[in-house]
Structure formats: structure tokens, C-alpha cells
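Going line by line, the protein sequences match chains F, Y, S and D.
Letter 78 of the first sequence, counting from 1, is numbered 175 in my numbering, and no numbers are missing.
Letter 127 of the second sequence, counting from 1, is numbered 224 in my numbering, and no numbers are missing.
Letter 169 of the third sequence, counting from 1, is numbered 266 in my numbering, and no numbers are missing.
Letter 199 of the fourth sequence, counting from 1, is numbered 296 in my numbering, and no numbers are missing.
From the three backbone atoms N, C-alpha and C, an ideal C-beta is built for every residue, glycine too.
Have a look at the structure below before the remarks.
Protein chains: 4
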Amino acid sequence: MLAINLKSYKETIGSNGLKLLEASEKIIEEYNIDIILAPQYTDIYIFSSNSKRVRIYAQHMDPIQSGAYTGHILPEAIKEAGAVGTIINHSEKKLNVEDIEKVINIAKNLNLETILCANNSVVAAALSKFEPTYIAVEPPELIGTGIPVSKAKPEIIENTVNMVRDINKKVKILVGAGINSGDDIKKALELGANGVLLASAVTKSSNFYEKLKNLAEGFK
Amino acid sequence: MLAINLKSYKETIGSNGLKLLEASEKIIEEYNIDIILAPQYTDIYIFSSNSKRVRIYAQHMDPIQSGAYTGHILPEAIKEAGAVGTIINHSEKKLNVEDIEKVINIAKNLNLETILCANNSVVAAALSKFEPTYIAVEPPELIGTGIPVSKAKPEIIENTVNMVRDINKKVKILVGAGINSGDDIKKALELGANGVLLASAVTKSSNFYEKLKNLAEGFK
Amino acid sequence: MLAINLKSYKETIGSNGLKLLEASEKIIEEYNIDIILAPQYTDIYIFSSNSKRVRIYAQHMDPIQSGAYTGHILPEAIKEAGAVGTIINHSEKKLNVEDIEKVINIAKNLNLETILCANNSVVAAALSKFEPTYIAVEPPELIGTGIPVSKAKPEIIENTVNMVRDINKKVKILVGAGINSGDDIKKALELGANGVLLASAVTKSSNFYEKLKNLAEGFK
Amino acid sequence: MLAINLKSYKETIGSNGLKLLEASEKIIEEYNIDIILAPQYTDIYIFSSNSKRVRIYAQHMDPIQSGAYTGHILPEAIKEAGAVGTIINHSEKKLNVEDIEKVINIAKNLNLETILCANNSVVAAALSKFEPTYIAVEPPELIGTGIPVSKAKPEIIENTVNMVRDINKKVKILVGAGINSGDDIKKALELGANGVLLASAVTKSSNFYEKLKNLAEGFK
């Protein structure tokens with residue numbers, strides 16, 4: 098599973114983003130892998146309207162029900178726009194622990210999947226208690242560096258797999274930070290991860306299709 | 098000018114929201130007034146794609162340029178989705194003062210209009226120094242109560258007009274909180290306001306067209 | 098164990114607070130129980146200078162090392178002022194999960210004890226993974242109500258004890274919210290708690306000694 | 098006027114901080130200048146108990162009245178501990194604009210002075226509307242660099258003086274960021290400032306007295 102977080106990169110908003118969507122659809126056909134794209138909120142509708150097999154996620158949503166919350170992200174609006182899941186607690190959009198539990202429960206009630214982020218193995222283990230669909234471990238010091246966690250700190254992946262499994266047998270485990278090639282992915286999968294979470298490696302790429310192809314090779 | 102903040106009310110997301118858009122277009126034709134709708138981020142694209150004269154705003158945007166900001170609201174994405182402006186610093190989405198100045202400057206560079214919110218006259222006067230398109234004064238204790246600021250606290254409107262004009266002659270002044278009828282609007286305009294900012298009075302209405310018609314009468 | 102959070106109540110700042118300290122010392126002598134007082138930061142020094150057996154805690158500290166953090170709570174300053182521990186993640190001062198782990202580790206390095214707060218059993222279980230000295234479960238809807246959690250929602254205490262023990266055998270478990278009498282405490286201890294966390298029941302009392310005496314009876 | 102913000106530097110907590118206090122008292126006697134020290138909250142009591150002419154400030158306080166605010170900074174506790182004022186809205190402890198107005202009004206009611214911080218001239222002008230005792234302008238990009246604002250960006254000081262005076266004739270104007278010597282201070286005063294706000298230049302100094310002496314020369 099390849100999850101791509103488009104963050105606030107302008108390279109992948111609007112019509113440019115749709116090119117990434119198109120390339121992702123091709124890769125799914127060729128490699129039969131699972132791809133998630135998490136665009137800006139404003140792009141969820143147009144992405145999901147144009148996707149066939151790519152699953153569209155939000156990058157965050159607020160732990161709220163319908164109400165007087167100006168500027169907040171209503172989970173029901175995320176769902177209505179066509180998203181099938183959301184990232185939660187990314188290191189660039191942290192939540193307090195009470196809100197993490199609340200928003201995961203709201204997601205479950207709406208049948209939205211969740212990628213819940215953690216900065217290390219211990220935090221991943223603690224958060225797995227909330228039973229998200231995926232736990233993603235990303236050491237913040239490697240995010241955006243191009244130094245792949247699977248090579249620089251393989252023990253983080255191994256520890257996460259072991260510690261999370263102690264608490265929660267079912268949750269799928271993603272790893273991220275610095276992942277840049279199919280080889281980095283292969284290594285992550287060998288260490289027990291179920292998939293990866295990427296961002297700039299793809300969004301900043303000059304050729305989305307070629308980049309995704311290289312990454313997809315890691316799943317063979 | 099009638100600005101309607103759809104907040105996180107589920108009554109006006111997706112296709113329901115488009116009915117409010119349609120009713121607003123009709124009112125503009127009949128009354129020749131200016132209407133702004135500020136939907137959830139996820140609805141900006143579909144609202145702006147379907148609007149003729151209604152101007153679509155975001156409810157907030159973050160003081161950021163393109164970059165690694167997961168879950169944030171990129172101003173360029175707001176613009177790309179078709180919004181022509183944004184609310185800033187609503188009492189339900191407050192910003193620190195440094196970020197207010199930053200995001201107003203970003204909006205100006207992108208030719209986005211701004212409705213900058215203040216909770217009282219003194220704050221409105223201070224913030225008018227940043228030269229937003231509109232200053233909106235809303236006493237938080239009246240928001241959502243149905244007790245109209247223009248009748249319950251007319252001195253807030255008069256003071257705001259006087260104090261803001263001392264610092265900034267050009268900015269247009271909106272008032273909000275509890276505004277519920279054409280009569281409340283008439284009173285606000287008489288006190289020197291250039292328009293009003295509403296939310297639940299419209300979004301919770303069982304008949305958008307009739308509600309807007311009643312409000313529009315206040316501008317005659 | 099009786100932990101009393103003085104919050105931002107003016108009734109227990111400065112010299113008034115010292116009267117509560119004095120009453121607490123008397124109760125410790127008479128009942129041989131363990132009492133913690135968590136005053137305003139500004140009072141930690143004078144409380145710890147005057148305490149004999151009462152243990153003085155901070156109400157919060159920031160996950161920081163010495164540095165350029167204006168207005169923050171430096172853990173080393175808390176220690177230097179004489180505190181022996183700190184409350185963390187109270188529902189009135191929530192932290193993101195990454196910072197919770199960080200500040201617990203900083204506390205351990207400084208030999209400071211920690212009372213880590215959780216709003217329900219599942220959150221308590223997750224957070225017990227971080228190995229604080231105490232986990233305190235407090236349903237926010239009962240805080241300050243005078244409706245004791247141990248009587249209104251005994252299942253929260255039982256579930257917390259069971260779920261926390263699954264993950265962490267050593268951490269001591271406190272309960273709070275609405276605890277107002279020795280009888281409420283007795284019930285909490287019977288359900289498996291190791292102690293209680295209180296606030297307004299004591300700080301708003303007209304006679305600190307009599308109130309504490311009534312509470313201490315619950316430990317017999 | 099020389100205001101020194103001790104931030105969260107461990108070099109100036111507890112008994113080490115008292116040495117800085119002592120050096121400051123000597124400088125006041127020798128140079129007859131006005132010195133403010135803003136220590137950690139935990140040190141306010143012991144600093145103010147030991148000060149003769151040095152004025153003790155808090156680094157921040159919360160916009161609250163007595164109540165259930167765990168971990169917050171109660172203004173009345175700041176006052177009770179002996180502080181005579183507080184820094185507000187430092188770039189390391191920013192507040193939303195509504196809270197800035199609230200906390201300044203609370204300070205006035207308690208007869209506490211205020212140093213209200215702004216990151217540039219326009220923000221300083223806007224905030225001067227709230228009538229703090231002092232406005233301090235500090236370009237964040239120079240804080241802690243040792244590159245003095247008075248030499249690197251003299252126009253910021255001139256613009257601030259002019260723009261603030263347009264809105265508020267009475268407020269005293271401080272400047273900060275990179276100020277490191279008496280010469281930097283002399284230049285700031287020549288440009289129209291009434292004093293300076295410093296931090297690491299003093300707190301990281303190996304000899305508080307000699308450092309302060311060098312700075313005090315700037316006021317001659």
C-alpha cells in the first residue's frame with residue numbers, strides 16, 4: 098500500500114493534481130497495488146469524482162459534529178465530498194490525545210478509514226489502542242530529508258511492528274519519512290511494514306508516472 | 098452586502114448547499130444585492146463552478162506558502178478552487194496577530210478579498226490597520242442567539258464605525274451576531290454598517306429562498 | 098493518596114494557600130496518608146519551602162530543555178523551585194501525544210513524578226504505555242460538578258483498572274471528577290483505584306482542615 | 098529602560114538568577130537607569146522578595162479570572178507573587194488578538210504594567226490601540242542572532258515610532274532582537290526608542306555585572 102500525502106504543495110493542487118491521479122490509476126492497473134492520495138480539502142471532490150481505483154483521503158479532520166465551527170473540517174463534509182478516509186495526527190497537524198480518540202470514533206461511525214500517525218514506536222504502540230485502520234510511524238527528523246527511515250533507522254520499523262502487535266493484532270502498519278525509491282519500500286516491507294506513507298518524493302517529482310513506477314517496483 | 102458563513106453545519110454541505118446557492122442567485126436578480134457564501138473547504142470548487150453572481154469565500158486560510166503543511170489550508174488552493182475571498186480570525190477560528198497580518202498580505206498578493214473579524218470596537222479599530230477588504234464586528238456573546246446586535250447593542254456598531262474610520266477610511270464595515278431579519282439589517286445599515294455577516298439564521302432555515310427574501314428586504 | 102489540584106483558584110494562592118498546606122500537614126500526621134498539592138507555578142517555591150511531608154507538584158510543564166522559550170514552563174525550573182512532580186495533560190491543559198511522551202521522559206530524567214490525566218478508560222490504557230508514576234482518569238463531564246465519578250460511573254473506574262493493567266502492571270491509578278467526600282473516596286478505592294485527584298471540593302471549602310479530615314476518613 | 102527576558106534559560110533560574118538580580122541592582126545605583134527582569138514564573142516570588150529597585154515582570158499571563166484553569170497563569174497569582182508587570186504576546190508565546198485585549202485590561206485592573214510585543218511596525222501600530230505601558234518591536238528573524246535590529250534594520254525602529262505615534266501618543270516604545278552592546282542601545286535610543294528588550298545577550302553572559310555595565314553605557 099502506497100499512501101501519498103500531497104500536503105500544501107502547490108505542485109499538486111487542482112489540474113496538476115489530477116495528472117498525479119491519472120498516473121496513479123495507470124500504476125494500479127500495471128502493478129495491481131493499492132494507492133491512496135490525500136490532496137488539499139478543496140481538491141477532494143474533484144479527485145474523488147475522477148478516481149477509479151485510487152482511494153482519496155483527507156489530510157486531517159476535526160473531532161466535531163455538525164455545528165458552529167467556522168473554518169473547521171467537518172467529517173461529514175469530507176465524506177460527502179467523496180473521501181474514503183483521512184490521515185490523523187500527522188506531525189505537521191498534531192492533535193491532543195482526547196481528540197485523536199474522538200475523531201477516530203467519528204470516522205468509524207462514518208465508515209471512513211484512518212491513517213493515524215506516530216513519531217516513534219512507543220507512541221505508535223499507545224495509539225494502536227484506538228484501533229485505526231492504519232498506524233503510520235514517521236520519525237519527524239527524517240521527514241522531507243530523502244534519508245529513508247527503512248535504511249537509516251530500520252530498528253524503528255522492527256520495534257514498531259513488535260510493540261504495536263503486542264497491543265493490537267489487526268491494525269496495518271505504514272512507515273514513512275525519507276522514503277524515495279522502490280528499494281526503500283522493499284526494505285520497509287521486509288522489516289514487517291504493510292505499506293508506506295510518502296509526500297515530497299512524489300509531489301516534487303518532474304514525472305509522476307516514472308516516479309510511481311519506480312516506487313511500485315518495491316512491492317514486487 | 099449579505100455575507101453568509103455556512104460554518105460546519107451539515108444542512109448546507111454538498112447538494113443541500115447548492116440549493117442555498119441557487120436561492121441566493123435568485124435573490125441577487127430580484128434585489129440586486131451583493132451575496133457572499135462561505136461553505137466548507139470541500140465545497141468551494143462545486144459552489145464556485147455553479148455560481149453566477151454569488152461570490153464564494155473560504156471560512157479561513159492558513160498564513161502559509163506552498164510547502165510541507167499537512168492538513169493546512171493553502172491560500173493558493175483556495176484560489177484555484179474558485180474562491181474570491183476568505184473570512185479571517187472568526188471567533189471560532191482565531192489567529193494570533195502576526196498571522197493575521199501575514200494572511201491578509203498573502204490574500205492581497207493573490208487578489209483575494211478578506212473579511213477580518215473582531216469581537217468588539219477596539220479590536221476592530223486595531224485590526225483595520227491591516228487594511229482588509231471588510232472588517233466584521235461580532236460580539237461573541239450574541240453569536241447564534243437570535244438576539245440581533247443591531248438592536249441589543251447598537252452602540253457597538255456606532256463605536257466601531259467611528260473608531261475604525263479614525264484609523265482606516267476605506268475599509269467596509271460588516272456587523273454580525275444574532276441578525277435574523279430584514280429589519281435587523283435595516284437597523285444595522287442605518288447605524289453606518291455596509292453590510293451584515295450571518296450564519297445559522299440562514300443555514301438552519303427550512304426555506305432558503307423565503308429567508309433570504311426577508312433579509313433582502315432590509316436593504317431596500 | 099490524595100492529590101489536590103489548586104488550578105487557578107484565587108482562594109488558594111499565596112498566604113491563603115499556605116493555610117491549606119498547614120491543614121494538609123496536620124492531616125498527614127493524624128491519618129498517615131499521602132497528600133500532594135499542586136499550586137500555581139508562582140507558589141511552588143514558597144509551598145515547598147514550607148512543607149514537611151506534603152509533596153508539591155506543578156500543574157503542568159512544557160516538553161522543553163533550557164532555551165529561548167518565553168512564557169513556557171521549564172521542567173528544570175519546576176524542580177529547582179522544589180516540586181517533586183507534575184500533573185500532565187489535564188483536560189484543562191491538554192497536550193498532543195508526542196509532547197506527552199517527551200515531557201514524561203524529561204520528568205524521569207529529572208526524577209520528577211508524573212500524574213498523567215486521561216478522560217476515559219481507553220485513553221488511560223493507551224497513555225499508560227508511557228509509564229507515568231500515576232494515571233488519573235477523570236471524565237470531563239463530571240469535573241467540578243460534585244457528582245462523584247465513583248458513584249455515578251463506577252464502571253469507568255473498573256474498566257480503567259482492567260484496561261490499564263493489561264498494558265502496564267506498575268502504574269498507580271487515580272480517579273477524579275466530582276469527588277467530594279470520604280465516602281466517595283472509599284468507593285473509589287474499593288473499585289481498585291490507588292487514590293484520588295480533587296480540586297474545587299477542597300479549594301472552595303470554608304474550612305480546609307475539616308474538609309480534609311472528612312476526605313481522609315475515606316482511606317480508613 | 099533595560100528589560101531583560103530570562104526566557105527558559107537554565108543559566109538564570111533560582112540562585113543563579115539572584116546573581117543577575119544583584120548585578121542589576123548595582124547597575125541601577127551606578128547608572129540610575131531603569132531595569133526590568135522577567136524570570137520563570139517559579140522565580141517571581143524569590144526575585145521580588147530580594148529586589149530593591151529592579152522591577153520584576155512575568156513573561157506571560159493568561160487572560161483569565163480565578164477559576165478551573167489547570168496549568169494556566171492566573172494574573173492575580175502573578176501580582177500576589179510580587180510582579181509589577183508582564184510581557185505579553187512575545188513571538189515565542191503568541192496570543193490571539195481578542196486575548197491580547199483581554200489580558201491588557203486584566204493587567205490594568207490589577208495595576209500591572211505591560212510590555213506588548215509586535216513583530217513589525219504595522220503590528221506595533223495596530224496593537225498600540227490597546228494602550229499597553231510599553232510596545233516592544235522585535236523582528237523575529239533577528240532574535241537571538243546577535244545582529245542588532247538598531248543597526249541591521251534601523252528603519253523598523255523609525256517606522257514603528259512614527260506609526261505608533263499616529264495611533265497612540267503615550268505608549269513607550271522598546272526595541273529588541275540582536276541587541277548586544279551599549280552601542281546598539283545608543284543607536285536605538287537615537288532612532289526614537291525609549292528602551293530595549295534583551296534576553297540571551299545577558300542570560301548567556303559569563304559575567305552579568307560586566308555585561309550590564311557595557312549595556313548601561315548606551316544610556317549615557
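Between which two residues does the beta strand (DSSP E) containing Tyr142 of chain Y stretch?
-> Stepping through the second sequence from its first residue, residue 142 of chain Y is reached at position 45. Counting along the chain, Tyr142 of chain Y falls outside any beta strand (DSSP E), though it belongs to the alpha helix (DSSP H) covering Ile141 to Asn147.
What is the residue span of the alpha helix (DSSP H) that Thr183 of chain S lies within?
-> Working through the third sequence from its first residue, we reach residue 183 of chain S at position 86. Careful: Thr183 of chain S lies outside any alpha helix (DSSP H), inside the beta strand (DSSP E) at Gly182 to Ile185.
Using beta-carbon positions only, say whether Leu286 of chain S and Lys107 of chain D come within less than 8 angstroms of one another.
-> Position 189 of the third sequence, counted from the first residue, corresponds to residue 286 of chain S. Position 10 of the fourth sequence, counted from the first residue, corresponds to residue 107 of chain D. No, the Cβ-Cβ distance between Leu286 of chain S and Lys107 of chain D is not below 8 angstroms.
Using a Cβ cut-off of 8 angstroms, which residues of the region 101 to 113 of chain D contact any Cβ in chain S, in chain order?
-> Asn102, Lys104, Ser105, Tyr106, Lys107, Glu108, Ile110 and Gly111
Locate the alpha helix (DSSP H) running through Val293 of chain Y, then write down its first and last residues.
-> By 1-based counting over the second sequence, the position of residue 293 of chain Y is 196. Where Val293 of chain Y is concerned, there is no enclosing alpha helix (DSSP H), although the beta strand (DSSP E) it sits in stretches over Gly292 to Leu295.
Mark Glu189 of chain D as exposed unless 16 or more other C-beta atoms lie within 10 angstroms of its C-beta, in which case mark it buried.
-> By 1-based counting over the fourth sequence, the position of residue 189 of chain D is 92. Per the 10 Å Cβ criterion, buried.
Indicate whether at least one CB of chain F lies closer than 8 angstroms to the CB of Leu224 of chain S.
-> The residue you call residue 224 of chain S lines up with position 127 of the third sequence. So, interface residue.
Short Cβ contact (8 angstroms threshold) for Asn217 of chain Y with Ile253 of chain Y | Your numbering for residue 217 of chain Y matches position 120 in the second sequence. Your numbering for residue 253 of chain Y matches position 156 in the second sequence. A contact, by the Cβ cut-off of 8 angstroms.
Quick one: which chain Y residues come within Cβ less than 8 angstroms of Asn256 of chain D?
-> By 1-based counting over the fourth sequence, the position of residue 256 of chain D is 159. By Cβ distance, chain Y contributes nothing, its closest Cβ being about 13 angstroms from Asn256 of chain D, past 8 angstroms.
Between the C-alpha atoms of Gly243 of chain D and Lys308 of chain D, what's the straight-line distance to the nearest angstrom?
-> Within the fourth sequence, the letter at position 146 stands for residue 243 of chain D. Within the fourth sequence, the letter at position 211 stands for residue 308 of chain D. Here the alpha carbon of Gly243 of chain D sits roughly 14 angstroms from the alpha carbon of Lys308 of chain D.
Compute the Euclidean distance between the alpha carbons of Glu314 of chain F and Ile124 of chain F, then round it to the nearest angstrom.
-> What you label residue 314 of chain F is simply residue 217 of the first sequence in a count that begins at 1. What you label residue 124 of chain F is simply residue 27 of the first sequence in a count that begins at 1. The straight-line gap from Cα to Cα measures roughly 10 angstroms.
Can you pull the chain Y residues whose beta carbon is under 7 angstroms from the beta carbon of Leu207 of chain F, in chain order?
-> Residue numbering aside, residue 207 of chain F sits at position 110 when the first sequence is read from its first letter. Close partners of Leu207 of chain F in chain Y (Cβ separation under 7 angstroms) are lacking, with about 11 angstroms as the shortest Cβ gap.
Straight-line CA distance for Val181 of chain S to Gly292 of chain F?
-> As a position in the third sequence, residue 181 of chain S is number 84, starting the count at 1. As a position in the first sequence, residue 292 of chain F is number 195, starting the count at 1. Taking the straight line from one Cα to the other gives about 44 angstroms.
Measure from the C-beta of Leu312 of chain S to each C-beta in chain F and report whether the shortest distance is under 8 angstroms.
-> As a first step, residue 312 of chain S must be located in the third sequence, where it is residue number 215. So, not an interface residue.
Residue from Y:Gln137, Y:Asn147 and Y:Tyr138 with nearest C-alpha to Ser121 of chain Y | Within the second sequence, the letter at position 24 stands for residue 121 of chain Y. Of Y:Gln137, Y:Asn147 and Y:Tyr138, the residue nearest in Cα terms is Y:Asn147.
Taking the C-alpha atoms as reference points, what is the distance between Lys269 of chain S and Tyr128 of chain D?
-> Within the third sequence, numbered from 1, the residue matching residue 269 of chain S stands at position 172. Within the fourth sequence, numbered from 1, the residue matching residue 128 of chain D stands at position 31. One Cα belongs to Lys269 of chain S, the other to Tyr128 of chain D, and the distance between them is close to 57 angstroms.
From Ile161 of chain S to Asn208 of chain S, what distance separates their C-alpha atoms?
-> Here the question's residue 161 of chain S lines up with position 64 in the third sequence. Here the question's residue 208 of chain S lines up with position 111 in the third sequence. Whole-angstrom Cα-Cα distance: 16 angstroms.
Nearest candidate by alpha-carbon position, reference Ser302 of chain D, set D:Ala100, D:Thr109 and D:Ala135 | The residue labelled residue 302 of chain D in the question sits at position 205 within the fourth sequence. If we check each option's Cα against that of Ser302 of chain D, D:Thr109 comes out closest.
Opening and closing residue of the alpha helix (DSSP H) in which Val200 of chain D lies | Taking the first residue of the fourth sequence as position 1, residue 200 of chain D is located at position 103. Val200 of chain D -> alpha helix (DSSP H) spans Val194 to Asn206.
What does Tyr154 of chain F pair with, by DSSP beta-bridge criteria?
-> For the purposes of this step, residue 154 of chain F is taken as residue 57 along the first sequence, with counting starting at 1. Tyr154 of chain F pairs with F:Gly182.
Would you be able to state if there are at least three C-beta pairs under 8 angstroms between the region 190 to 198 of chain F and the region 127 to 142 of chain Y?
-> no
DSSP puts Gly164 of chain S in a beta bridge; with which residues?
-> In the third sequence, counting from the first residue as 1, residue 164 of chain S sits at position 67. For Gly164 of chain S, which the question treats as bridged, DSSP gives the partners D:Ser105.
Quick one: what's Tyr231 of chain Y bridged to in DSSP?
-> For the purposes of this step, residue 231 of chain Y is taken as residue 134 along the second sequence, with counting starting at 1. Per DSSP, Y:Ile212 and Y:Lys269.
Tell me, please, whether the CB atom of Val220 of chain F is closer than 8 angstroms to any CB atom in chain S?
-> The count along the first sequence starts at 1 and reaches residue 220 of chain F at position 123. Answer yes: the Cβ-Cβ gap between Val220 of chain F and chain S drops below 8 angstroms somewhere.
Going by CA-CA distance only, name the one from D:Ile175, D:Ile184 and D:Asp159 that's closest to Leu103 of chain D.
-> By one-based count along the fourth sequence, residue 103 of chain D stands at place 6. Ranking D:Ile175, D:Ile184 and D:Asp159 by Cα distance to Leu103 of chain D puts D:Ile184 first.
Given a threshold of 16 other Cβ atoms within 10 Å of its Cβ, counted over all protein chains shown, does Arg320 of chain S qualify as buried or as exposed?
-> A query on residue 320 of chain S cannot be resolved here, the shown segment of chain S reaching from 98 to 317 and no further.
Span separating the alpha-carbon of Asn186 of chain Y from that of Val220 of chain Y = If you number the second sequence from 1, residue 186 of chain Y lands on position 89. If you number the second sequence from 1, residue 220 of chain Y lands on position 123. If I take the Cα positions, the gap works out to 11 angstroms.
Selection of the region 122 to 151 of chain D by Cβ proximity to chain S, strictly under 9 angstroms = Residues of the region 122 to 151 of chain D with a C-beta atom less than 9 angstroms from some C-beta of chain S are Ala135, Pro136, Gln137, Tyr138, Thr139, Asp140, Ile141, Tyr142 and Ile143, listed in chain order.
Cβ neighbours of Met158 of chain D in the same chain (closer than 7 angstroms, five flanking residues each side left out) = Taking the fourth sequence and counting its residues from 1, one reaches residue 158 of chain D at position 61. If we look at Met158 of chain D and ignore the five residues flanking it on each side, its Cβ neighbours are Ile170, Pro172, Ile175, Thr183 and Val200.
Secondary structure of Leu274 of chain D, DSSP reduced to three states | As a position in the fourth sequence, residue 274 of chain D is number 177, starting the count at 1. What sits at residue 274 of chain D in the sequence shown is Ala, not Leu. The answer is coil: DSSP assigns Ala274 of chain D none of H, G, I, E or B.
Rounded straight-line distance, which links the Cα of Thr230 of chain D to that of Ile212 of chain D = For the purposes of this step, residue 212 of chain D is taken as residue 115 along the fourth sequence, with counting starting at 1. For the purposes of this step, residue 230 of chain D is taken as residue 133 along the fourth sequence, with counting starting at 1. Answer to the nearest angstrom: the Cα atoms are 6 angstroms apart.
So with Cβ pairs under 8 angstroms, would you call Tyr166 of chain S a contact of chain D?
-> If you number the third sequence from 1, residue 166 of chain S lands on position 69. Yes, Tyr166 of chain S lies at the interface with chain D (some Cβ there is under 8 angstroms from its Cβ).
Among F:Ala249, F:Gly179, F:Asp281 and F:Ala155, which one has its Cα closest to the Cα of Leu312 of chain F?
-> Counting from 1 along the first sequence, the entry for residue 312 of chain F is found at position 215. Answer by Cα proximity: F:Asp281.
What number of angstroms, rounded off, separates the C-alpha of Ser112 of chain Y from the C-alpha of Phe144 of chain Y?
-> Residue 112 of chain Y sits at position 15 when you count from the first residue of the second sequence. Residue 144 of chain Y sits at position 47 when you count from the first residue of the second sequence. One C-alpha to the other measures close to 10 angstroms.
What does Lys190 of chain D touch in chain S if you count any residue whose Cβ is under 9 angstroms from its own?
-> Position 93 of the fourth sequence, counted from the start, is the residue given in the question as residue 190 of chain D. Ordered by position in chain S, the residues that pass the 9 angstroms Cβ test against Lys190 of chain D are Tyr166, Thr167, Gly168 and His169.
Interface residues of the region 179 to 203 of chain D facing chain Y [CB-CB below 9 angstroms] = Asn186, Ser188, Lys191, Leu192, Asn193, Val194, Glu195, Asp196, Ile197 and Glu198
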